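Residue numbers (the working numbering), protein chains in the order written: chain D, 87 to 643; chain H, 87 to 643.
Below is one structure, written out as structure tokens, with a few remarks after it.
Number of protein chains: 2
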Amino acid sequence: MSKDSLEKTFTKNQVKTVGTYLLDLLKENGVDHIFGIPGDYILRFDKRIEEHSIEFINATRENTAGYMADAYARMRGLGAACVTYGVGINIVNAIAQCYVESSPVIFISGAPGLDEKKFHLHHLIHKSTFEGRDLTQYQLFKQITIDQAILNDPRTASQQIKRVLSACLYHKKPVYLELPRSIIDQPILESNLLEAYSPPKVSREALAEAILETKALLSKAKRPVIWAGHEISRHNLQAYLLKMAETLNIPIFSSLLGKGSIDERHPLFSGVYQGHLSSDGVREDFDNADLVLVLGVLPTDIDTGLFTANIKKSGSPLIAQENSLAIGHHNYPGLDLSSFVKALAHEDFPKTYPNGSKKSFIQSQAFQPKNARLTIDRVLQALGNKLKDEHILIVDIGDAFFASKDLIVSEKGYLASAYFATMGFAVPGAIGSQIAEKEKRAVVLVGDGAFQMTGTELSTALRYDLDPIVIVLNNHGYGTERPILEGGYNDILNWNYSKLTEVLGGGVGIKTTTELEFKEAIDKAFEKRGTLFLIEADLPKNDTSSALKKLGSLAKK
Amino acid sequence: MSKDSLEKTFTKNQVKTVGTYLLDLLKENGVDHIFGIPGDYILRFDKRIEEHSIEFINATRENTAGYMADAYARMRGLGAACVTYGVGINIVNAIAQCYVESSPVIFISGAPGLDEKKFHLHHLIHKSTFEGRDLTQYQLFKQITIDQAILNDPRTASQQIKRVLSACLYHKKPVYLELPRSIIDQPILESNLLEAYSPPKVSREALAEAILETKALLSKAKRPVIWAGHEISRHNLQAYLLKMAETLNIPIFSSLLGKGSIDERHPLFSGVYQGHLSSDGVREDFDNADLVLVLGVLPTDIDTGLFTANIKKSGSPLIAQENSLAIGHHNYPGLDLSSFVKALAHEDFPKTYPNGSKKSFIQSQAFQPKNARLTIDRVLQALGNKLKDEHILIVDIGDAFFASKDLIVSEKGYLASAYFATMGFAVPGAIGSQIAEKEKRAVVLVGDGAFQMTGTELSTALRYDLDPIVIVLNNHGYGTERPILEGGYNDILNWNYSKLTEVLGGGVGIKTTTELEFKEAIDKAFEKRGTLFLIEADLPKNDTSSALKKLGSLAKK
């Protein structure tokens, strides 16, 4: 959604109710679905959604509603969730995840009416402090959202809504909107009591200076590369990034959190770089560079391969992030990733480079199953040539995550909680992503531990006729933790995972223990659309992927 | 746990590690189990638990671990849960519930080591603000705990631990303890750097004055009654309350949140009073009184029957709460429920009263099943004479909650989230309560909506060989919300609930649709211990209990 069309929306001046105003604005900004759980303080708003062209998507609980909205926002550029007051804080982890991984979600909480403030009502946490209202949720979500508002006045409601939505869209971070139930059906009274939100201005002179310096670095470099992170797709900069890379003809590596920002079949894409945790060929290619343009990467322990990423080459490091740009040892205050990448995309460069990438990451190969016990490495190989443009690969935390980084995905074809590392994101995330992109199909890799947390959310997939393929990597416990510190706490009860389809009353459940069985199951699942598949890949208890083994030995150092 | 034995514990001065010190102190205060999910920042502490006489109980996710600890605390007087940093905030709703319903739970969060503060680590929310540490969780849980500490120094750790534990035990509210992983195995360095926690002092003179005034009120009254709330059992005042009531021979009504504070088979127990939502006979009995001693009741919308409770009789109302005492229009600052009730129990009274209670609440009657479609009222009648001393009735929010208030339970024989109104508390609560009291058996009433939220936690019941009887009241949607504002959002997918036992690999699942089938199922389930039963009571979509109908018509007014 461009700033222009947002502006157009804001200047409309029809008389609407607060609820309808909010819904119309969301709709105009690309929100066709709101995820939630009904509850008495939000019920009236749920009703307004039902009457609106936006569709209400019922999750089975609050935190999974949040994960769905998160995935939806990563696909669409904006997501929304609404729940009731108090117990609605069950959504908190999802909002924190949106915050640290930059996913623009508007979280709408119901609340008691403005006329109810003197009562000791259920779901409330603290009694009356400010105008008799409970401010606990507001304080709590202030820690993990970029802007917040309690809509307690129809004269300021429209401005508050515009402000938090603008902040959400500009920063790509979640915002908190508290909606007392008495205000939902009140008419919006337009006024200018509050200051509007104005994003920071970018200095043209500073930008020109930074571009000049970047070009000087490039002209000196022999083998420059790009390391692109998740902020590229969050700020919708994929096309600009590609244009620049194509002009220069230089390889693009992605971070793990940024995986899927661009189509990995693009000739310049050269693998997921993760320091010493990269696949061998990828690391070699990356280390061969003499200049790295670090664009939109968050230098987390995971994305830097436990801080082993090698970005200080012979040239000065160049690091552009959401709200900062540093070259060598100096910063450009006020410059941001978006302006910088867009400006670079419009530049001519005096010199281009031979693309030095050996493209040595795992290629899709035909999988030849043996009649042998299944292992995680073989599961990944089997999936290798199944993933097409229509698929979104969604991996949960654990070996599913570490093992899958070299599978080739399309643009926006990969989702993971790759920094906050939430267990249980993948299944609800799959639902959110398929609702965002109806023609796509989610392929989920999830460990047994994570599946026990949120696997029953497949209920919602069935309810809305979605057909994800969910593969439970059953390594019998918290497999990622066993190498760190083993104990009985890493064991979990062994469920008959594939039988969950019988509880939910739909989909096909298949248990597999050999390569042949697994191959047969995924052949069936990928063959045609329309049916949800739940496939258990039963693995040996101590089976770990080569990627996880590498992590284990690096962590020991 | 008495203040004396707590004091004794505190004066011990052995050299221990921080982790062992904390575990020993918990053990000495009655904690034999800690509920949690392992995760890298807490793993080392999990290992110390494994080596300790305290048992680690693996939940399947964080919020259910919190609900288990909450139920355990309600039964035992202290509970504990531990999870990892960041994603561990999934526990937040459980801790908020403990806060508003006064359940003393010590919530222990893992955290990065003190030596790791400069890193951009996974699970963290904000970068370095205070000494390079992320303070988000601390700020967040400050909203919903009574005391908090980050153990960042072995010289202050023991005092911090003592302080938060004392606050937890005194206020019966949850506390937050953040445990950087590097400190767990460091030796405790005893010192007196911090001030100890000292509970407020009670003035003897003020207490004597209040007692005198109470006796004067009683001497004028003809038909006094007691309305006792949950704070009675939280502060372990049941015996004092009964002694006083027996001396005076006056009826005891309980609030809904306080249900199960005393054995409801006691001759003076006269029913659950909930204003206009009380059962007819109970309301009549209560309204017949001319003085009400309100002891430990929180005047919430639910407990007061939407603020219809009639406590201002001809005499002055007397309201004692956790930290306050009001008689008529004046307060006694500094007086608390505990001192007041204990003092009253030691008094002689010049006058006693004929117990005027008609004991008109529902009595256990033999249930005569018909070959007819099951309804919720009939489910409740069928359960009426099944509940014995060994049972703990745990009801989830919804009609399960409203319909069950007149079932007769024993002391600490009833648990519900009767104020915060969390959906999904009952199943994990059942597990926590049975782990707290091994010889007891939990009987769960849970709606279909709530069961979809946390029902899979029965996995943990099977893992630890617990045998709860879980009855899913399947009224096909959010039945409590339909009368408020009907819409498609109140529908949920209809699961084959009883088949969940096949997924989990244990227990007996039975689906029932008629009275005869239901009677047969519960006969089987109650007959003998040792097997988990999951019984679906399939109800008509718009079936509601008489209690819920009453609520609906009262809410409309």
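Beta carbons are placed, not taken as given, at the ideal position from N, Cα and C, and that holds for glycine.
What you are looking at is a predicted structure, and each value in this text was computed from that prediction instead of being measured.
message: Would you say R290/D lies against chain H (beta-carbon separation less than 8 Å)?
response: Start at 1 with the first residue of the first sequence, and residue 290/D comes out as number 204. For R290/D, the answer is no, since every Cβ of chain H falls outside 8 Å of its Cβ.
is_contact[V186/D, chain H] using C-beta, thresh 8 Å: Sequence index remark: in the first sequence, residue 186/D carries index 100 (1-based). Yes, V186/D counts as interfacial toward chain H.
- prompt: Does DSSP put F619/D in a helix, a strand or coil?
  reply: Here residue 619/D refers to the residue found at position 533 of the first sequence. Three-state result, F619/D: strand.
field: Nearest to V427/D (by Cα), restricted to the options M161/D, G346/D, A512/D and L328/D
entry: In the first sequence, the residue the question calls residue 427/D occupies position 341. Closest in alpha carbon position to V427/D, among M161/D, G346/D, A512/D and L328/D, is L328/D.
query: Do F511/D and D482/D have their C-beta atoms within less than 8 Å of each other?
result: Reading the first sequence from its first residue, position 425 is the one you call residue 511/D. Reading the first sequence from its first residue, position 396 is the one you call residue 482/D. Here F511/D is near D482/D, since their CB atoms are less than 8 Å apart.
Rounded C-alpha distance that separates E202/H from V556/H: Position 116 of the second sequence, counted from the first residue, corresponds to residue 202/H. Position 470 of the second sequence, counted from the first residue, corresponds to residue 556/H. Straight-line Cα distance between these residues: approximately 45 Å.
- prompt: Which chain D residues sit within Cβ distance under 7 Å of I232/H?
  reply: Taking the first residue of the second sequence as position 1, residue 232/H is located at position 146. Neighbours of I232/H across chain D, judged by C-beta separation under 7 Å, do not exist; the nearest C-beta is about 12 Å away.
- prompt: Apart from the five residues just before and just after H138/H, which ones in its own chain have a Cβ nearer than 6 Å to its Cβ?
  reply: Stepping through the second sequence from its first residue, residue 138/H is reached at position 52. For H138/H, the CB contacts under 6 Å within the same chain, skipping 5 residues up- and downstream, are L109 in chain order.
field: Cα-Cα separation between G414/D and S402/D, rounded to whole angstroms
entry: Within the first sequence, the letter at position 328 stands for residue 414/D. Within the first sequence, the letter at position 316 stands for residue 402/D. C-alpha separation (whole angstroms): 5 Å.
- request: Provide the residue(s) that pair with L411/D in DSSP beta bridges, ordered along the chain.
  value: The sequence position of residue 411/D within the first sequence is 325, counting from 1. Per DSSP, A406/D.
task: Compute the beta-carbon to beta-carbon distance between P436/D and S305/D, rounded to the nearest angstrom, for a pair I have assumed lies under 8 Å.
output: Here the question's residue 436/D lines up with position 350 in the first sequence. Here the question's residue 305/D lines up with position 219 in the first sequence. With a contact defined as Cβ atoms closer than 8 Å, P436/D and S305/D qualify at about 6 Å.
- request: Would you kindly check if the distance between the Cβ of G152/D and the Cβ of I181/D is under 8 Å?
  value: Within the first sequence, the letter at position 95 stands for residue 181/D. Within the first sequence, the letter at position 66 stands for residue 152/D. Yes; because the gap between Cβ atoms is below 8 Å, this pair is in contact.
- request: Excluding the 5 residues preceding and the 5 following G638/D in the sequence, name in chain order all residues of the same chain whose CB lies nearer than 6 Å to its CB.
  value: Looking up residue 638/D in the first sequence gives position 552. So the list reads P569, once near-sequence residues are dropped.
task: Anything in the stretch 147 to 170 of chain H with a Cβ closer than 9 Å to a Cβ of chain D? List those residues in chain order, please.
output: Flagged, chain order: R147, E148 and N149.
query: Quick one: is L625/D buried, meaning 16 or more other Cβ sit within 10 Å of its Cβ, or exposed?
result: Indexing the first sequence from 1 puts residue 625/D at position 539. The residue in question, L625/D, is buried, as its Cβ has 16 or more Cβ neighbours within 10 Å.
query: Near K76/H, what residues of its chain come up, given a Cβ to Cβ distance below 8 Å and the 5 sequence neighbours on each side ignored?
result: Outside the displayed range of chain H (87 to 643) lies residue 76/H, so it cannot be described from this structure.
- prompt: Which of helix, strand or coil does DSSP assign to T600/H?
  reply: Taking the first residue of the second sequence as position 1, residue 600/H is located at position 514. Here T600/H sits in strand by DSSP.
- request: Decide if Q451/H is buried, meaning its Cβ has at least 16 other Cβ atoms within 10 Å, or exposed.
  value: On the second sequence, residue 451/H is found 365 positions in, with the first residue counted as 1. By the 10 Å Cβ count, Q451/H comes out exposed.
- prompt: The alpha helix (DSSP H) with G533/D in it runs from where to where?
  reply: Translated into the one-based positions of the first sequence, residue 533/D becomes position 447. Run containing G533/D: none in the alpha helix (DSSP H); it sits in the beta strand (DSSP E), R527 to G533.
field: Residues of the stretch 573 to 593 of chain H whose Cβ lies closer than 8 Å to any Cβ of chain B, in chain order
entry: Absent from the structure: chain B. Protein chains present are D and H.
- request: Can you tell me which of Y262/D, H209/D, A611/D and E148/D puts its alpha carbon nearest to the alpha carbon of Y171/D?
  value: In the first sequence, residue 171/D corresponds to position 85, counting from 1. Across the set Y262/D, H209/D, A611/D and E148/D, the C-alpha of H209/D shows the shortest separation from the C-alpha of Y171/D.
field: DSSP state of F56/H mapped onto helix, strand, coil
entry: This structure leaves residue 56/H out entirely; chain H is present only between 87 and 643.
message: When you compare the CB of M330/D with every CB in chain H, is at least one pair closer than 8 Å?
response: Stepping through the first sequence from its first residue, residue 330/D is reached at position 244. Output row for M330/D: interface = no.
field: Amino acids of chain D, ordered along the chain, whose beta-carbon sits closer than 9 Å to that of S545/H
entry: Taking the first residue of the second sequence as position 1, residue 545/H is located at position 459. Those within 9 Å of S545/H in chain D are Q538, I578, L579 and W581.
- prompt: Sorted by chain position, which residues of the same chain lie with C-beta nearer than 7 Å to V101/D's C-beta, five sequence neighbours on each side aside?
  reply: Within the first sequence, residue 101/D is the residue found at index 15, counting from 1. Shown here for V101/D: same chain residues with a beta carbon closer than 7 Å to its own, the five before and five after excluded, namely P273 and I274 in chain order.
message: Quick check on F453/D - is its C-beta less than 8 Å from some C-beta in chain H?
response: If you number the first sequence from 1, residue 453/D lands on position 367. No, no contact with chain H.
message: Tell me the rounded alpha-carbon separation between G196/H and K472/H.
response: Position 110 of the second sequence holds residue 196/H. Position 386 of the second sequence holds residue 472/H. So the two alpha carbons sit approximately 43 Å from each other.
field: Proximal residues to N576/H (C-beta, below 6 Å), its chain only, five neighbours per side dropped
entry: What you label residue 576/H is simply residue 490 of the second sequence in a count that begins at 1. Within the same chain, N576/H has close Cβ partners G563, Y564, E567 and R568.
message: Let's test the definition: count the other Cβ atoms within 10 Å of the Cβ of K627/H and tell me whether it reaches 16, buried, or not, exposed.
response: Numbered from its first residue, the second sequence carries residue 627/H at position 541. It is exposed - the Cβ of K627/H has fewer than 16 other Cβ atoms within 10 Å.
task: Taking C-beta pairs closer than 7 Å, name the residues in chain D that N179/H reaches, listed in chain order.
output: On the second sequence, position 93 is the one that residue 179/H refers to. Those are V173, I175 and N176, listed as they occur along chain D.
- request: Check each residue of the stretch 289 to 323 of chain D: if its Cβ is closer than 7 Å to any Cβ of chain H, include it; give the result in chain order.
  value: Within the stretch 289 to 323 of chain D, contact with chain H at the beta-carbon level (separation under 7 Å) is assigned to no residue.
- prompt: Thinking C-beta only, is A166/H closer than 8 Å to I192/H?
  reply: The residue labelled residue 192/H in the question sits at position 106 within the second sequence. The residue labelled residue 166/H in the question sits at position 80 within the second sequence. Their beta carbons are under 8 Å apart, which means I192/H touches A166/H by this criterion.
- request: Report the residue ranges of all beta strand (DSSP E) runs contained in full by the stretch 194 to 260 of chain H; include only those spanning at least 3 residues, in chain order.
  value: With a minimum length of 3 residues, the unbroken runs of beta strand (DSSP E) contained wholly in the stretch 194 to 260 of chain H fall at 233 to 236.
query: When burial is assigned at 16 or more other CB atoms within 10 Å of the CB, is R290/D buried or exposed?
result: As a working mapping, residue 290/D is identified with position 204 in the first sequence. Of the other Cβ atoms in all chains shown, fewer than 16 fall within 10 Å of the Cβ of R290/D; this residue is therefore exposed.
- prompt: Got a sec: is the Cβ-Cβ distance from L92/D to anything in chain H below 8 Å?
  reply: The residue you call residue 92/D lines up with position 6 of the first sequence. At L92/D the pLDDT is 44, less than 50, meaning the model places this residue with poor confidence and gives no usable figure here.
- request: Would you mind working out which of V117/H, S244/H, Y283/H and A302/H sits nearest E276/H, comparing C-alpha positions?
  value: Your numbering for residue 276/H matches position 190 in the second sequence. Nearest Cα to E276/H within the set V117/H, S244/H, Y283/H and A302/H: S244/H.
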